[in-house]
Each structure stands twice: as C-alpha cells, then as structure tokens.
C-alpha cells in the first residue's frame, strides 16, 4: 500500500489550536460507564486540570445543556447525544449497513458490528446484538475498545499506510488483558501485516477470556475505507474452523454487498 499524503494536524502549541474547545471536549470524554457521575474533584483528577479550570468548563457545559448537576455530582445530559447523532446523520449509509449487520446476526446467531478507527481505538458506530452477552462490559454504539486487541481494530490498522502504522505502533503502549494478549509490538506488527495479506483479522481471547472474533475491512466502490465489520462469539461455542469456514465467507459476502450498494 502506498503512503498517503499527510493531512496537516494542529498541535496544542499551534496558534490556531483552540485550547478551550479541546479542554471542554476532554471534560465530556472523562465520563464513561465506570464514571457516569463525578464530583468536581473527580473530574479535575480524571482530566488533569486544576479544580478552578474544571469548574469553569463544567459550569459552561451545564449552561449549554451538555452536563447537568445534582448536588455535588455532575453527569452528562441527553443533549450530548446530539454530537453523536450529527456524525451518524452525516453518514447516511449507516442505516443500510445496519440491515446487513442484522442479516449477519440472523444467519449466524452471533453479534455483528461496524467499527471505525478513532485515534488509537476502534469505536462502534453500528451494531446488531445477539441475545447472549459476550463481554463483561456492555457493547453498544459509541463503545470504544483498543484497536490493537480487537479484530475490527486490526482490520482497520491493516489499511493504514506504512508510515501511519509505524507512528501508531511507536506511540501506543500495549496492556495485558488475558494470558493470550499480544504485548510485543513487533509481534503485533507481524499480525497486522498478515491481516493485510489475508484480508481478514481473527483475534482469539486477547481482550476478554472466551471472546473470539473475526473482522474484514469494508471498502466502498471508490476504494474509500468505510470501516470494518465483525462477528464476535464465544470461544467455547464456536471453534476456529467454524469461524474461518462459515463466518469469514459470510462477512466477506456482506462486505462486497456494502461495496456495491453504499456510496459514501
């Protein structure tokens, strides 16, 4: 794959970088499933801000309707969903892909998702959930997982240029989640190179014990990367042979249908 031209990215010390906007977004991102409600001190600690700065941003977000306050605690308000809805509505192909994901679930009995690369994480932008739950955390649209240890993440990383991939590998740190987690960057690079050659990615219980998944990149008719789709399943229920013989062709067929029907 040829290196793509680099898009100029502002750095925090650049004149055009709006620090206040970046800090406001950082405060919003500090809330997650483990921290749905926080005091001022907790927000300051999570963001690395001093209390006075964190207080100003929380009160501003409260005035704008993105954060609400209940006595000592702050939490996100429903208006935050508008930020995500803007992305989803601007990408109107999502409803088409959602139908394909539901078809995958109907045919396989397993959960299927569409993910995109966002920084060093894969973020779920569409999902069809099977009745059985696979992970300790609840997966839904908006969930972020480390790209290094997910099948969708590696499928997406395989589409980066060599320069982009090397920069990614240089800046990340690899955390061990299970005894199968790859924590050596050279080994991870070999895995991603293999995904480039094979056209699909399999991750076996690296992020969560018992979780096995397979993913393929989704490319539109203009050869633009849309994202990656996966099937995630329980390792005790689905062996590797079934994953490759049945689920891989199913994903590849749906990826081809998306290529033919979605125009981004």
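Numbering (this note's numbering), first residue to last: 120 to 383. Here a beta-carbon is modelled for each residue, glycine too, at the ideal position from N, C-alpha and C.
Would you identify the three-state DSSP class for residue i, choosing helix, strand or coil?
{"i": "residue 280", "result": "coil"}
{"i": "residue 121", "result": "Note that residue 121 scores 41 on pLDDT, short of 50, meaning its location in the model is unreliable; the coordinates nonetheless yield the value given after this. Looking at residue 121 - three-state DSSP - the assignment turns out to be coil, as it is neither helix nor strand."}
{"i": "residue 258", "result": "coil"}
{"i": "residue 317", "result": "helix"}
{"i": "residue 223", "result": "helix"}
{"i": "residue 292", "result": "coil"}
{"i": "residue 243", "result": "strand"}
{"i": "residue 312", "result": "helix"}
{"i": "residue 130", "result": "coil"}
{"i": "residue 156", "result": "strand"}
Taking residue i as part of the beta strand (DSSP E), name the residues at either end of that continuous run.
{"i": "residue 369", "result": "Per DSSP, residue 369 belongs to no beta strand (DSSP E); it is in the alpha helix (DSSP H), 367-380."}
{"i": "residue 181", "result": "Element bounds for residue 181: not the beta strand (DSSP E) but the alpha helix (DSSP H), 170-183."}
{"i": "residue 191", "result": "First-last for residue 191: undefined, no H or E at that position."}
{"i": "residue 231", "result": "230-237"}
{"i": "residue 335", "result": "330-338"}
{"i": "residue 362", "result": "Neither: residue 362 is in no beta strand (DSSP E) and is coded neither H nor E."}
{"i": "residue 352", "result": "344-353"}
{"i": "residue 263", "result": "263-265"}
Give me the Cα-Cα distance between residue i and residue j, rounded to the nearest whole angstrom.
{"i": "residue 344", "j": "residue 276", "result": "11 Å"}
{"i": "residue 152", "j": "residue 172", "result": "24 Å"}
{"i": "residue 249", "j": "residue 309", "result": "32 Å"}
{"i": "residue 156", "j": "residue 195", "result": "8 Å"}
{"i": "residue 316", "j": "residue 190", "result": "56 Å"}
{"i": "residue 176", "j": "residue 360", "result": "52 Å"}
{"i": "residue 107", "j": "residue 227", "result": "What the structure shows of the chain is the stretch from 120 to 383, and residue 107 is not part of that stretch, so it cannot be assessed."}
{"i": "residue 200", "j": "residue 223", "result": "27 Å"}
{"i": "residue 377", "j": "residue 167", "result": "42 Å"}
{"i": "residue 148", "j": "residue 261", "result": "11 Å"}
{"i": "residue 192", "j": "residue 366", "result": "46 Å"}
{"i": "residue 130", "j": "residue 136", "result": "7 Å"}
{"i": "residue 374", "j": "residue 241", "result": "18 Å"}
{"i": "residue 358", "j": "residue 185", "result": "45 Å"}
Could you check how far apart the C-beta atoms of residue i and residue j are, in whole angstroms? I think they sit under 8 Å.
{"i": "residue 323", "j": "residue 299", "result": "6 Å"}
{"i": "residue 333", "j": "residue 270", "result": "6 Å"}
{"i": "residue 258", "j": "residue 246", "result": "7 Å"}
{"i": "residue 311", "j": "residue 330", "result": "With 8 Å as the limit, residue 311 and residue 330 do not qualify as a contact, their Cβ atoms being about 19 Å apart."}
{"i": "residue 381", "j": "residue 339", "result": "6 Å"}
Go to residue i, then tell me how far its alpha helix (DSSP H) extends in each direction, as first and last residue.
{"i": "residue 143", "result": "138-149"}
{"i": "residue 166", "result": "159-166"}
(message) Three or more C-beta pairs under 8 Å: does that hold for the segment 276-296 against the segment 256-267?
(response) yes
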